[in-house]
Each structure stands twice: as structure tokens, then as C-alpha cells.
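A quick write-up on the structure given underneath.
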Amino acid sequence: MERPIVELNNVRFTYPDGTPALAGVDLCVARGQTLGLIGPNGAGKSTLLLHLNGILKQHGSVRISGMEVVDRNLSSIRGKVGLVFQDPDAQLFMPTVFDDVAFGPVNMQLPKVAVQEAVVNALELVDMLPAMKRSSHHLSFGEKKRISIATVLSMNPEILVLDEPTSNLDPKHRRGLIELLKELPVTKIIATHDLEFVIEICDCVAVLDRGKIIAQGDVVNILSDKRLLEAHGLEVPHSLRKDAHRHIPGAIEKSLHPPLERIQ
Amino acid sequence: MRHAFLDEYSRLDSILHRRDPRVKIGVFFACILFIVLTPPEQMRSFFLYFLLLSGLMALSRIPAVFVLRKSLELMPIVFCIAAFIPFYKPGVVIFTLNAGFIRLPLTHTGLMLMWNVIVKAYLSILCSILLVNTADFVDLLKGFERLRIPRLVVMIVSFMYRYLFVIEDELERMQVARMSRSVRRSGWGLIKTLSNIVGVLFIRSYEKAEKVYLAMCCRGYTGPIRTLHAWRITKNDIYFCAFMLIILMTIRMSGV
Chain P
0 MERPIVELNN VRFTYPDGTP ALAGVDLCVA RGQTLGLIGP NGAGKSTLLL HLNGILKQHG
60 SVRISGMEVV DRNLSSIRGK VGLVFQDPDA QLFMPTVFDD VAFGPVNMQL PKVAVQEAVV
120 NALELVDMLP AMKRSSHHLS FGEKKRISIA TVLSMNPEIL VLDEPTSNLD PKHRRGLIEL
180 LKELPVTKII ATHDLEFVIE ICDCVAVLDR GKIIAQGDVV NILSDKRLLE AHGLEVPHSL
240 RKDAHRHIPG AIEKSLHPPL ERIQ
Chain S
0 MRHAFLDEYS RLDSILHRRD PRVKIGVFFA CILFIVLTPP EQMRSFFLYF LLLSGLMALS
60 RIPAVFVLRK SLELMPIVFC IAAFIPFYKP GVVIFTLNAG FIRLPLTHTG LMLMWNVIVK
120 AYLSILCSIL LVNTADFVDL LKGFERLRIP RLVVMIVSFM YRYLFVIEDE LERMQVARMS
180 RSVRRSGWGL IKTLSNIVGV LFIRSYEKAE KVYLAMCCRG YTGPIRTLHA WRITKNDIYF
240 CAFMLIILMT IRMSGV
């Protein structure tokens, strides 16, 4: 069997103020897989993502395609792992969209023509090519979110790491994002609260709570396990509920009001 | 969200707007140098400089009212500095101001110097307004970078340009949240909440800065900021530069 592209071994992290964020995380992701990382607020999802490219590091080991994440490997690791933050205002820091999308490739010291090509391709993928010359603060939230993704697509990463990609997106752009992510052939790790989104695009899912991986496995198996999910601040998504049909308004009325004849 | 612009008219199209930002920076810097180095007695030269700048303004199609308003907004600062000059410059006393126990002599040399400072400041302000509004702010930053202004300084200004409005929006949201939860609060209570807001705003911008730095690291930032440029100085740029320098020199010489 091929070696997993992401291997985390007993990763632990405590914030400077003493808050424990990760309490020994073990996680493996196979090449080409799409992993959904779910868990309640404050479970440590974002902290875990920041370990994948060596932004945070305390105890334990992280390996990306067999390469240990240590200081001397950081530049090649950051070229392999494309991390998109939840807040697009943090992700987009350059004066124009072009400069922002070009920031990664230029830092990777690609030749000028290759940089331009990468920027155009990435912006085309997220359907934002016309905004190339604009300034980020004049864009709408959805536009900023899509350009945030383009800023790492331009680096052609092997692993795409997204933190809450669908938060605050309208249904149309959420749909667009789903189509885009389905088409990208790279390994993806996505932290989200949007469980319907996980059902649509993920191959497997990991539940994180209080800094530990509680369960990892098949999407449908885990997301229909009511007891597991409710114990960790989650709920079975609507489309997987066995009693889904009872939630149709007509059905509720019927069960609440038994036929009149029977009462008489 | 409001779409705020620092450089409202920089997206117009005119002979001046089409010039290379580096050439524009150089030319307007030369203008300011010529203006500052002209002796105060040469009233005619100052008038000619003013005519030249007005001509450029007409060419750039920036509304005169806008330039006038912007330039007058900056003048109070100049007045604050200039107002004291006539009193401490030694020379022929014209008039003595009696303010209680302090006697302030007003001198002729002092008055000339004050006039000189005000005129030169006003003309320089006109130059900078023309520069900022005939080039995209982003292009100007890149122009400065290409002209070997330290990268760090350019980066600080460019982050300011990017995040000024983000922080302003944040402040506005907090103001709205404050107003929707406070009923007719004024005086000491208001000052207390406002100072809290300032504190929170500071912490939030600090945290945002930290996140931005992390986002930069994620995309391979290790120290120097690298960007792509695709500019070429054209024949027209050189003509513009030569034309402006000849006019500036003629004005300077004519006064002698």
C-alpha cells in the first residue's frame, strides 16, 4: 500500500495562555483523498490545520509525503500544502488581486511567464479572471473567498487545506465551490460545520473534539451515527436522517391529530 | 461595506494618467524641488508655477473644485506652523502685538518668510494632489519600490492602504453594535464605552496582523516581498519628462 500523504503522530499543542488545543492527534490521509474534519467550536480544528504546514509546532510529528515538517523543510512543505484561512481579509493582503494570487508563485521563484500563467489559470478556475486588476477591498465577500482559494491554487499544491470554506457563502457560490473542489484532483482536508457539504465532497470524515480524534471513517457511517455526533456537539445532517420524511409539515400534522373518526 | 477610495480620480484616462508612474513621481518631485528652491521675492515665478500646475490639472481632467477642496483641507496645518514665523524672525518691526504681559514684535522679514512658506506649501500640496490622483495608488507604490525607496517602507504603506478600510469597517460595525444596545447614553458613560471600543479595535487589528503574517508564511514568505512588474518607459514618457523640466527651468531662470 502507498504511504499516506499526510501522517500525524501524537501531535500535541497548548496555547501560550495554557489552553490545551490538541491533546495527542493521530491522523492519516491517503493521496487523492478528501477528508472532512468536523467537530464543535473550539475543538482544535483550525489549530490542527496550522500544523500541516509547520506554522504551529510543539510536540509530535507531522509528515507530508514522507517528509518530516521541520524548519529546514518548511519552504518545500509550504509549496506542497496550500492552506486557505477562514477570513479572506487575512488571506488577501496584497494591494491587487493579481499580486495576491502571484504572491505564492513569486515566492516559489518561478519564472515570470510561469507566474503569469499560474495566476491566470487559478483565477479562471474560480471564475474571477475579470477581477485581476482590482483591489481586494472593493470585492464582495463571496468574491474574496473565491480569490482566497485561487491564491493557493496558483501554487499548484499537492494538498489543499481549507478552513470553513462555505461559511457566509450564498447557495449559488457554495454550489460553485462544491463543483470546483470536486474537479480538483488533489488531496483535500476541509474543516467545516457544513455537514451537507461534507456528504457531497468528502470520501472520509474525522471527528475532532477537545483536541482528540474521536472517530475517523466512512462519511455515511459516521454522519448517521446519532449518538456519536450528539455527544460531540454535532447532529445528523438532514439528508441522512432516517425519519427525514416526518419533518415534512403535512406529516407532522397527521401524527399530531389522529383522524377524527377514531376519537368518536 | 463602503467602497472608499483614497485616489478618487486615479482611474480617469488622460495624457497625464497614461504616463509611467516612475516618470510621474520623478517629475512631480522635480516640481516640488524647483518650487522650494525659488527665492521668496520672485512672485512672478510662483504665479507661473501655479499656471503650470493648473494647466496639468486641466489636462488630467480632474475637477478643479475637487483639487481646491482637497488642497484647502490641508492648509490649516500649514497655517498652524506659519502663524508663528513673523513674530520670532528678527528684522524691521512693523507692529507690536500686546498680549497682556507678553509683547510680540511683528517684522517685515518674518512676514515675507510666512508668505513664502504658505505659497510654497500650497504649490507643493497641489503637486502631490495631482500625483496621487493621476496614478493608481498601487502603481505609485510599485513606482516608489522601483525607484529604490526601501521595500519595508513601501510594504508598510501598502498594508496601510489594504487594511485601513478593513479596520474602518470594523469600527463602524462596533459603533452600530454600540448604538443598537445603548439608549440615550451620553457624557461619562459614552466616553467609557468609546475608550473600550478603541482598546478592542487595537487588539483586533493586532490579531488580524498576526493572522496576515501567518497567511504570508503559508504562501512561502521568508523575508523579501517579491512582485511582478510589467512596465516600460515609452517615448511619450521621455517627451513629457523633458517638456516639464524645460518649462520648470525657464520659469526659474525668468525670475533671475
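Same order as they appear, the protein sequences are chains P and S.
Using numbering that gives the first Met the number 0, read the first sequence as starting at 0 and increasing by one per residue.
Using numbering that gives the first Met the number 0, read the second sequence as starting at 0 and increasing by one per residue.
Ideal Cβ positions, reconstructed from N, Cα and C, are used throughout, including at glycine.
Owing to the predicted nature of the structure, the values given are computational and were not obtained by experimental measurement.
Would residue i and residue j be called neighbours here (beta carbons separated by less than 9 Å)?
i      : j      : result
P39/P  : D193/P : no
P164/P : K79/P  : no
R17/S  : I232/S : no
M173/S : I155/S : no
V152/S : F143/S : yes
S238/P : I198/P : yes
P85/S  : M113/S : yes
G53/P  : V68/P  : yes
T287/P : I158/P : As displayed, chain P neither begins before 0 nor continues past 263, which places residue 287/P out of reach and without an answer.
L51/S  : I245/S : no
D135/S : D6/S   : yes
V96/P  : A117/P : no
L233/P : V206/P : yes
T191/P : L152/P : no
G210/P : R11/P  : yes
M131/P : V119/P : yes
C216/S : R77/P  : yes
Just curious, the beta strand (DSSP E) that residue i is in, first and last residue?
i      : result
G216/P : 211–217
A257/S : In this structure chain S extends from 0 to 255, so residue 257/S is not present and cannot be described.
V83/P  : 80–83
C130/P : What sits at residue 130/P in the sequence shown is Ala, not Cys. Note, A130/P: premise wrong, no beta strand (DSSP E); not H, not E.
S60/P  : 58–63
L7/P   : 5–13
V204/P : 203–208
P104/S : 101–106
K187/P : 186–190
L159/P : 158–162
Identify which residue in the options has its Cα closest to the Cα of residue i.
i      : options                       : result
L139/S : S44/S, F27/S, G198/S, F86/S   : F27/S
I4/P   : C27/P, V151/P, P15/P, M93/P   : C27/P
M93/P  : A241/S, R225/S, L244/S        : R225/S
V118/S : L58/S, L15/S, F46/S           : F46/S
E167/S : S204/S, T192/S, F100/S        : S204/S
G35/P  : E234/P, L222/P, R226/P        : L222/P
N106/P : R251/S, R218/S, D236/S, A63/S : R218/S
V64/S  : Y8/S, P89/S, R145/S, P75/S    : Y8/S
P87/P  : K207/S, Y220/S, D135/S        : K207/S
G41/P  : T33/P, L21/P, G31/P           : L21/P
L73/S  : G188/S, L125/S, I250/S        : L125/S
P39/S  : F78/S, G186/S, H107/S         : H107/S
T37/S  : V116/S, K191/S, A176/S        : V116/S
I61/S  : T133/S, I24/S, G109/S, I76/S  : T133/S
T221/S : S45/P, S74/P, I37/P, S64/P    : S74/P
R30/P  : T18/P, S64/P, F140/P, G141/P  : S64/P
Got a sec, what are the start and stop residues for the alpha helix (DSSP H) residue i sits in?
i      : result
R180/S : 150–180
D99/P  : 96–106
G142/S : 136–145
P39/P  : Premise fails: P39/P is in no alpha helix (DSSP H) and is neither H nor E.
G23/P  : It is not in any alpha helix (DSSP H) - G23/P instead sits in the beta strand (DSSP E) that spans 19–28.
K143/P : 140–152
D236/S : 234–253
L50/P  : Going by the sequence as given, residue 50/P is His instead of Leu. Counting along the chain, the alpha helix (DSSP H) containing H50/P begins and ends at 44–50.
E199/P : 194–200
F86/S  : 84–87
W187/S : 187–217
A89/P  : 87–90
I34/S  : 20–36
K241/P : Neither: K241/P is in no alpha helix (DSSP H) and is coded neither H nor E.
Tell me which same chain residues have a C-beta within less than 7 Å of the C-beta of residue i, skipping the five on either side of it?
i      : result
G249/P : Only weak support exists for where G249/P lies, its pLDDT of 49 falling under 50; the value from the coordinates is given anyway. Same-chain partners within the cutoff: there are none.
N72/P  : M66
D25/P  : L7, N8, N9, I212
Y258/S : As shown, chain S starts at 0 and ends at 255. That puts residue 258/S outside it, with no answer to give.
G90/P  : Contrary to the premise, residue 90/P reads as Gln rather than Gly in this sequence. If we look at Q90/P and ignore the five residues flanking it on each side, its Cβ neighbours are V83, F84, S147, T150.
L122/P : V100, L128, M131, A149
For the ligand MG, is there a heavy atom less than 8 Å away from the beta-carbon of residue i?
i      : result
E199/P : By its list of ligands, the structure shown contains no ligand whatsoever, and the ligand MG lies outside what it can speak to.
If I measure Cβ to Cβ from residue i and keep anything under 6 Å in the same chain, skipping five residues before and after, which residues do I get?
i      : result
Y238/S : none
M243/S : V26
G175/P : none
R102/S : T95
Going by the DSSP bridge assignment, what does residue i pair with across the sheet?
i      : result
S134/P : T95/P
E116/P : DSSP output for E116/P lists no bridge partner at all.
M66/P  : I63/P
Quick one: what's got a C-beta closer than 8 Å to residue i's C-beta in the same chain, skipping five residues either side?
i      : result
Q263/P : Summary for Q263/P: the model assigns pLDDT 45, below 50, so the residue's position carries little reliability; its value from the coordinates is reported in the next sentence. If we look at Q263/P and ignore the five residues flanking it on each side, it has no Cβ neighbours.
L105/S : P85, F86, V92, I93, F94, T95, L96
E43/S  : Per the sequence presented here, residue 43/S reads as Arg, with Glu not at that position. Correct list, in chain order: S253, G254.
P258/P : Note that P258/P scores 48 on pLDDT, short of 50, meaning its location in the model is unreliable; the coordinates nonetheless yield the value given after this. Here the set comprises nothing.
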